[in-house]
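Novice: Sequence lines, in order, name chains A and B. Position 77, counted from 1, in the first sequence is what UniProt numbering calls 77; the numbers after and before it change by one each time, with no gaps. Position 18, counted from 1, in the second sequence is what UniProt numbering calls 18; the numbers after and before it change by one each time, with no gaps. Backbone N, C-alpha and C define an ideal beta-carbon position, used for all residues, glycine too.
There are 2 protein chains.
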Amino acid sequence: MSFQTNPTIEMLRAHRSIRKFEDRPVEDETVQQIVACGQAAATSSNVQAVSVIQVKSPERRQRLAELAGGQGYVASAGAFLVYCADLKRSAAACASQGGEFEPGMTEHFIIATVDVGLSAQTAVIAAESMGLGICYIGGLRNHPAEVSELLQLPEQVYPVFGLCLGYPAQDPEVKPRLAVESVLMQEVYDTESQAGHIADYDKQLSAYYQSRTGGTKDSNWSQEMKALVGKESRPHMSGFLKDRGFTMR
Amino acid sequence: MSFQTNPTIEMLRAHRSIRKFEDRPVEDETVQQIVACGQAAATSSNVQAVSVIQVKSPERRQRLAELAGGQGYVASAGAFLVYCADLKRSAAACASQGGEFEPGMTEHFIIATVDVGLSAQTAVIAAESMGLGICYIGGLRNHPAEVSELLQLPEQVYPVFGLCLGYPAQDPEVKPRLAVESVLMQEVYDTESQAGHIADYDKQLSAYYQSRTGGTKDSNWSQEMKALVGKESRPHMSGFLKDRGFTMR
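Spelled out as structure tokens, the structure:
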């Protein structure tokens with residue numbers, strides 16, 4: 001298959017998470033530019049339901065690293081951002097016009113969560129275009145109430161994930177993904193061919209782990225998925241979100 | 001403020017939605033490359049909870065355009081993709097290892113929805129780097145059950161949004177956003193300064209609408225937000241998602 005390519009596409013396809021960073025901060029102007037690039041992404045009805053908390057305080061960074069499950073790079077990365085889904089700002093704008101914010105809509109939750117995804121990923125690509133490395137920190141959802149308290153997040157705002165940025169001090173391989181034919185379907189959902197794609201990918205990922213670890217890591221995608229979706233995952237999230245005004249009605 | 005820049009950053013900051021396209025299709029190889037770039041984005045625990053349905057059938061495209069609220073470019077764009085949050089594939093992988101999928105977790109819903117956002121936005125940036133224009137179609141959530149039926153989506157899969165791709169036949173202005181100082185906060189959430197940022201942005205957006213429409217559109221962000229979050233929005237989403245296996249527990 002001959003694919004159209006260009007330097008941006010080559011960069012996108014070369015993405016891998018970075019978890020070891022040089023011991024130097026990312027400059028404030030650089031962080032501003034990265035976040036501003038994220039703001040330029042599409043946003044549902046221009047709601048811009050995103051707030052970003054940059055944490056520099058070493059004590060707060062250390063605490064966030066612990067809350068995220070002991071991920072030391074949360075404390076050591078050149079910059080650390082917390083991407084929050086934020087309906088409070090639009091609620092305030094609504095109130096300034098005499099309107100009354102309608103809380104707890106599932107649709108607003110989706111809009112805000114998607115907005116954060118689009119904005120953060122655009123910021124990530126901006127950062128990578130500058131030679132920085134990144135790592136998303138979903139582990140902030142291990143203890144979202146404590147994270148919210150630490151960052152003084154008001155109601156109608158929740159921390160979706162953290163983002164480590166920094167100058168890479170490692171160069172890991174790109175992890176193989178499912179075949180594009182598994183993900184891209186024509187006209188209707190293709191259930192039939194998934195078992196074959198999964199079996200192929202299991203073999204590929206298993207070989208990748210074997211070669212990377214000198215044979216000590218023996219796993220594949222299906223085993224990973226059993227560990228991930230074969231049990232309850234962060235069962236506190238539903239109650240936490242309700243407490244913060246996201247009742248999902 | 002002197003910002004670090006490069007061609008990727010200039011492209012990211014120049015984003016605007018395109019709703020008029022040249023009458024020519026986007027080639028299959030190009031769509032594959034775009035979707036594959038999206039697959040290279042970060043994904044929570046490698047779950048890759050994304051499926052993309054490409055719709056070419058003119059009848060199905062027309063029907064989707066109607067379901068999205070009469071957005072004609074859904075039918076006329078050079079390519080149309082439906083980005084779906086997909087836990088079915090990982091559930092099948094889990095089952096292949098003798099595991100039992102744990103349905104309805106809010107956390108899994110967040111993971112899958114964020115995965116779709118990161119993957120789609122990376123695909124969008126790949127498309128824009130090739131000179132294509134794009135428009136997200138959140139309007140698919142107007143009638144998500146009908147969309148799901150039309151695309152034969154199984155349980156544990158929901159359509160998050162559509163994506164129009166095509167060669168641009170218009171060159172709209174970039175829409176101004178909130179000041180970066182409104183969105184990027186230091187150490188803790190900054191409630192105090194938001195009213196000022198909102199007032200400034202209201203003036204800026206009002207002027208933008210006035211100049212774009214020769215004075216006929218008189219609106220600002222706060223008015224738009226009153227219309228968006230000051231009333232119920234897609235109240236069917238909660239019931240729809242429950243029906244599809246996303247109970248948000």
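Quick check: A:Thr122 and B:Ile111, are their CB atoms within less than 8 Å of each other?
Specialist: Residue 122 of chain A sits at position 122 when you count from the first residue of the first sequence. Residue 111 of chain B sits at position 111 when you count from the first residue of the second sequence. Cβ distance not < 8 Å, so A:Thr122 and B:Ile111 don't count as in contact.
Novice: Does the distance from the CB of A:Gly166 to the CB of A:Val26 come in under 8 Å?
Specialist: In the first sequence, counting from the first residue as 1, residue 166 of chain A sits at position 166. In the first sequence, counting from the first residue as 1, residue 26 of chain A sits at position 26. The answer is yes: Cβ separation under 8 Å.
Novice: Under 8 Å, do B:Thr113 and B:Val160 count as touching if we go by C-beta distance?
Specialist: What you label residue 113 of chain B is simply residue 113 of the second sequence in a count that begins at 1. What you label residue 160 of chain B is simply residue 160 of the second sequence in a count that begins at 1. Yes, these two residues count as a Cβ contact at 8 Å.
Novice: Measuring CA to CA, which of B:Ala79, B:Leu163, B:Arg141 is closest to B:Arg24?
Specialist: On the second sequence, residue 24 of chain B is found 24 positions in, with the first residue counted as 1. Residue B:Ala79 is the option with its Cα nearest to B:Arg24.
Novice: Just reading off the beta strand (DSSP E) that A:Tyr158 is part of, what are its end residues?
Specialist: On the first sequence, position 158 is the one that residue 158 of chain A refers to. Unbroken beta strand (DSSP E) run through A:Tyr158: 157–166.
Novice: Can a CB atom of chain B be found closer than 8 Å to the CB of A:Cys164?
Specialist: If you number the first sequence from 1, residue 164 of chain A lands on position 164. So, not an interface residue.
Novice: In three-state terms, what does DSSP make of A:Ala79?
Specialist: If you number the first sequence from 1, residue 79 of chain A lands on position 79. It is a strand residue.
Novice: Roughly how many angstroms lie between the CA atoms of A:Met1 and B:Glu29, to the nearest whole one?
Specialist: Along the first sequence, read from residue 1 onward, the residue named residue 1 of chain A stands at position 1. Along the second sequence, read from residue 1 onward, the residue named residue 29 of chain B stands at position 29. Unreliable placement is indicated for A:Met1, whose pLDDT of 45 sits below 50; no coordinate value is reported for it.
Novice: CA-CA distance, A:His197 and A:Lys203?
Specialist: In the first sequence, counting from the first residue as 1, residue 197 of chain A sits at position 197. In the first sequence, counting from the first residue as 1, residue 203 of chain A sits at position 203. Approximately 10 Å, taken between the alpha carbons.
Novice: To the nearest angstrom, how far is the alpha carbon of B:Ala75 from that of B:His143?
Specialist: Counting from one through the second sequence, the residue named residue 75 of chain B turns up at place 75. Counting from one through the second sequence, the residue named residue 143 of chain B turns up at place 143. Looking at the two C-alpha atoms, the distance is approximately 17 Å.
Novice: Taking DSSP as the reference, what is the three-state secondary structure of A:Leu151?
Specialist: As a working note, residue 151 of chain A is residue 151 in the first sequence. A:Leu151: coil per DSSP, three-state reduction.
Novice: Run through DSSP, which three-state label would B:Ala227 get?
Specialist: Position 227 of the second sequence, counted from the start, is the residue given in the question as residue 227 of chain B. Helix.
Novice: Consult DSSP for A:Met1 and reduce its assignment to one of helix, strand or coil.
Specialist: Position 1 of the first sequence, counting from 1, holds the residue named residue 1 of chain A. With a pLDDT of only 45 at A:Met1, under the threshold of 50, the placement of this residue in the model should not be trusted; the figure read from the coordinates follows. Reduced to three states, the DSSP call for A:Met1 is coil.
Novice: Comparing the C-beta of B:His143 with each C-beta of chain E, is any distance below 8 Å?
Specialist: Absent from the structure is chain E; the protein chains it does hold are A and B.
Novice: Contact criterion: CB-CB distance below 8 Å. Does B:Met1 meet it with respect to chain A?
Specialist: Your numbering for residue 1 of chain B matches position 1 in the second sequence. Because the pLDDT at B:Met1 is just 45, under 50, the model does not fix this residue reliably, and the point stays unresolved.
Novice: Give the DSSP bridge partners of B:Phe21, in chain order.
Specialist: As a position in the second sequence, residue 21 of chain B is number 21, starting the count at 1. Its beta-bridge partners are B:Pro168.
Novice: Mapping the DSSP letters down to three states, classify residue 327 of chain A as helix, strand or coil.
Specialist: The question about residue 327 of chain A has no answer, for chain A in this structure spans 1 to 249.
Novice: So is B:Gln186 in contact with chain A if we call contact Cβ pairs under 8 Å?
Specialist: Numbered from its first residue, the second sequence carries residue 186 of chain B at position 186. It does; some Cβ of chain A falls within 8 Å.
Novice: Could you give the C-beta distance for A:Arg60 and A:Leu150, rounded to a whole number, given that I count them as a contact under 8 Å?
Specialist: Mapped onto the first sequence, residue 60 of chain A falls at position 60. Mapped onto the first sequence, residue 150 of chain A falls at position 150. Yes, they are in contact, since the Cβ atoms of A:Arg60 and A:Leu150 sit about 6 Å apart, within 8 Å.
Novice: Is B:Lys203 close to chain A? Criterion is C-beta to C-beta, closer than 8 Å.
Specialist: The residue given as residue 203 of chain B occupies position 203 in the second sequence. Judged by the 8 Å Cβ criterion, B:Lys203 is not in contact with chain A.
Novice: Under 8 Å Cβ to Cβ from A:Ser219, same chain only, skipping five residues before and after it: list those, please.
Specialist: Within the first sequence, residue 219 of chain A is the residue found at index 219, counting from 1. Cβ neighbours of A:Ser219 beyond the five flanking positions: Leu205, Ser206, Tyr209.
Novice: Could you pull the start and end residues of the alpha helix (DSSP H) that A:Ser182 belongs to?
Specialist: Working through the first sequence from its first residue, we reach residue 182 of chain A at position 182. Run containing A:Ser182: 180–183, per the alpha helix (DSSP H) assignment.
Novice: Kindly indicate which three-state DSSP category residue 261 of chain A falls into: helix, strand or coil?
Specialist: A question about residue 261 of chain A goes unanswered here, because the residues of chain A that appear run from 1 up to 249.
Novice: I'd like the span of the beta strand (DSSP E) that includes A:Gln189, first residue to last.
Specialist: One-based indexing of the first sequence puts residue 189 of chain A at position 189. A quick correction: the sequence has Tyr, not Gln, at residue 189 of chain A. Element bounds for A:Tyr189: n/a, residue is neither H nor E.
Novice: Looking at the strands, I want to know which residues DSSP matches up with B:Ile137.
Specialist: Translated into the one-based positions of the second sequence, residue 137 of chain B becomes position 137. Looking at the DSSP assignment, B:Ile137 forms a beta bridge with B:Gly162.
Novice: Starting from the beta carbon of B:Gln152, find every residue of chain A whose beta carbon is closer than 7 Å, and list them in chain order.
Specialist: Locating residue 152 of chain B in the second sequence gives position 152, counting from the first residue. In chain order: Val188, Tyr189.
Novice: Quick check: what's the CA-CA separation for B:Gly133 versus B:Met11?
Specialist: Taking the first residue of the second sequence as position 1, residue 133 of chain B is located at position 133. Taking the first residue of the second sequence as position 1, residue 11 of chain B is located at position 11. Distance between the alpha carbons of B:Gly133 and B:Met11 is about 12 Å.
Novice: If you drop the 5 nearest sequence neighbours on each side, which residues of the same chain put their C-beta closer than 7 Å to that of A:Asp171?
Specialist: As a working note, residue 171 of chain A is residue 171 in the first sequence. There are no such residues.
Novice: Among residues of its own chain, excluding the 5 on either side of A:Gln194, which ones have a beta-carbon nearer than 8 Å to its beta-carbon?
Specialist: Within the first sequence, residue 194 of chain A is the residue found at index 194, counting from 1. Contacts found: Ser182.
Novice: Anything in chain A within Cβ reach of B:Val50, meaning under 8 Å, just list it in chain order.
Specialist: Position 50 of the second sequence, counted from the start, is the residue given in the question as residue 50 of chain B. Chain A residues near B:Val50: Val183.
Novice: So, helix, strand or coil for A:Asn6, using DSSP?
Specialist: Walking along the first sequence from the start, residue 6 of chain A turns up at place 6. Reduced to three states, the DSSP call for A:Asn6 is coil.
Novice: Does the separation of the CB atoms of A:Gln156 and A:Leu81 fall below 8 Å?
Specialist: The count along the first sequence starts at 1 and reaches residue 156 of chain A at position 156. The count along the first sequence starts at 1 and reaches residue 81 of chain A at position 81. The answer is no: Cβ separation not under 8 Å.
Novice: With burial defined as no fewer than 16 other Cβ atoms inside 10 Å of the residue's Cβ, what is the status of B:Ser57: buried or exposed?
Specialist: Here the question's residue 57 of chain B lines up with position 57 in the second sequence. Classification of B:Ser57: exposed, given that the 10 Å Cβ count is below 16.
Novice: Would you say the stretch 94–111 of chain A touches the stretch 232–239 of chain B, given that touching needs at least three Cβ pairs under 8 Å?
Specialist: In short, these stretches touch, since the Cβ pair count reaches three.
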